[in-house]
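Colleague:
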Amino acid sequence: MLGFGLVTTLFVGCALFAPVGKAQLSSTSSAITCDCGFRDENNNVWTNVWFSDYQQSEGNVYHDATAMDLKRDKNYLVMDYTMKRDNYNYTRIFSKNNVNLSPQSAQLIVRSNSDGDMTSASFGTERNDFLYGTFRASIKMPSVPGTVAAFYYYESDTAEIDMETLGRYTDPRQSFFAIHPQIYNDDGTASNLTHVKHPLDFDPTTEFNEYRFDWVPDSVGFYLNGQLASTLDTNIPSTPGRVILNHWTDSNPKFSGVAPMDQDILMEVANMTFFFNSTQDATGPPCQSNRNACDVKDITSRRLLPFDKSPPASSSSSSIVAYTSLSSIPFILTILPILLSSL
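So in full-length UniProt numbering, spot 234 of the sequence shown is number 234, and the numbers just go up one at a time.
(1) Just list the beta strand (DSSP E) runs in the region 87-163, keeping only unbroken ones of 3 residues or longer that don't cross its boundaries, in chain order.
(2) Using the C-alpha atoms, what's the distance from G221 back to T279?
(3) What are the boundary residues of the alpha helix (DSSP H) that I299 is part of?
(4) Taking a contact to mean a Cβ-Cβ separation below 8 Å, would you say L166 touches V148 in this structure?
(5) Quick check: T47 and D281, are their CB atoms within less than 8 Å of each other?
(6) Considering T231, what are the terminal residues of the beta strand (DSSP E) in which it resides?
(7) Could you have a look at G21 and say whether DSSP puts it in helix, strand or coil?
(8) Run through the DSSP bridge pairs and tell me what K254 is partnered with.
(9) Check for me: the beta strand (DSSP E) holding Q174 runs from which residue to which?
(10) N290 to W215, Cα distance in whole Å?
(11) Give the DSSP-derived three-state secondary structure of K71 in the structure shown.
(12) Using the beta-carbon count (16 or more within 10 Å), is L208 buried or exposed?
(13) Evaluate D262 with the Cβ neighbour count: other Cβ atoms within 10 Å of its Cβ, from every protein chain shown; 16 or more gives buried, anything less gives exposed.
(14) In its own chain, which residues sit with a C-beta less than 8 Å from the C-beta of S191, not counting the 5 before and 5 after it?
(15) In whole angstroms, what separates the C-alpha of P240 from that of D115?
(16) Apply the 10 Å Cβ neighbour rule to G133 and answer buried if 16 or more other Cβ atoms are within range, or exposed otherwise.
(17) Ends of the beta strand (DSSP E) at D35?
(18) Can you grab the Cα-Cα spacing for the pair S319 / T125, in whole Å?
(19) Take the Cβ of S105 as the centre, count every other Cβ of all protein chains shown within 10 Å, and call the residue buried at 16 or more, exposed below.
(20) Helix, strand or coil for N261? Go by DSSP, reduced to three states.
(21) My output table needs one value for S314: the three-state DSSP class, helix, strand or coil.
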């Protein structure tokens, strides 16, 4: 079991959860307290949890509050830059205008701009203190070839964990799993010590599927829809970083492929759930109300939901950040009515 240090809470008191059905939670609900961490499927115990749901239904005031725009949410970095590497003929142009919220998802769009250039999309967490954990995102991959869709941890080019899907691979469809820095064979190909091409037994473009990587000090496990697909144990990062999603093309026919210029190409994200430790973690779990960690399956299945609807205790912490400790599970506060009413 991994039992890393626990964070100084951002709220007074403990995390309260209650199992619910169709009914709304009330002050009389039987609460479950999660002040001993969150135990995952591999028996690791994590300090913090981040949950964000981008799917809109009636009453989801999170979408209203952000005017359908993640760029207004200070918990996120929405990327706006151009990357051209030395000795590399292909350019990636990331535009803030290519990240949108729709009623079904957060959208990362690849499309041409008025100058005739192909532009890409990327957003990530503002916080960059993630250090080990289990990281999950529900994603519908683009159906049009010519792009790369990725879910990954990043600190630098020498500390990175990638899950990538290349649209040009269709028979079979594949996901790439990688650790950076990568190791290369004598012929220049990527070594399977740090890079795996994994064939998919499902079509990732027709519905949302869960992509997950479990990062511990000596290995990274890559999961698809809850099933372990591959494990790498070389060059495992040991520095904190942020979690990022991106969808890009640079028209390199040998990697991203060439995306068509006459249509918008969508990567869609329904939700993200991270159970993790942080460089802010300093002491052991309080475990004052509950001697056992909560089961992550109860949280990801929404059998346990936030009970305490109080606003953030610290004005310096925004809604997600404030909800990323044992003091309270970080369901975005303003979407709580949706989560409850949709069960």
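We treat Cβ as the ideally placed atom computed from N, Cα and C, and that holds for glycine. Just so you know, these numbers come straight off a predicted model, no measurement behind them.
Modeller: Checking against the coordinates, here is how it stands:
(1) Complete beta strand (DSSP E) runs here, min 3: 91-94, 99-101, 106-112, 121-125, 130-140, 148-156.
(2) If you take the alpha carbons of T279 and G221, they lie about 21 Å apart.
(3) 296-300 is the extent of the alpha helix (DSSP H) around I299.
(4) V148 is positioned such that its CB atom lies closer than 8 Å to that of L166.
(5) Result yes, Cβ atoms of T47 and D281 sit closer than 8 Å.
(6) Start and end: 227-232.
(7) The pLDDT assigned to G21 is 30, lower than 50, so where the model puts this residue is not dependable, and the model offers no usable value.
(8) In the DSSP output, where bridge partners are listed per residue, K254 has none listed.
(9) From DSSP, the beta strand (DSSP E) with Q174 extends over 173-180.
(10) Distance between the alpha carbons of N290 and W215: 26 Å.
(11) Note: K71 maps to helix in three-state DSSP.
(12) Leu is not the amino acid found at residue 208; the sequence shown has Phe there. When all chains shown are included, F208 counts as buried.
(13) Answer is exposed; the Cβ neighbour count stays below 16.
(14) These residues qualify, in order along the chain: Q182, I183, Y184, N185.
(15) Rounded to whole angstroms, P240 to D115 spans 38 Å at the Cα level.
(16) It counts as buried.
(17) Taken as a continuous stretch (DSSP letters only), D35 belongs to no beta strand (DSSP E), as it is neither H nor E.
(18) No answer about S319 holds up, because its pLDDT of 27 lies below 50 and its placement is not dependable.
(19) Burial call: buried.
(20) Contrary to the premise, residue 261 reads as Met rather than Asn in this sequence. Coil, per DSSP.
(21) At S314, the pLDDT of 24 sits below 50, so the modelled position is not reliable; the number obtained from the coordinates is stated separately. DSSP places S314 in coil when its eight states are reduced to three.
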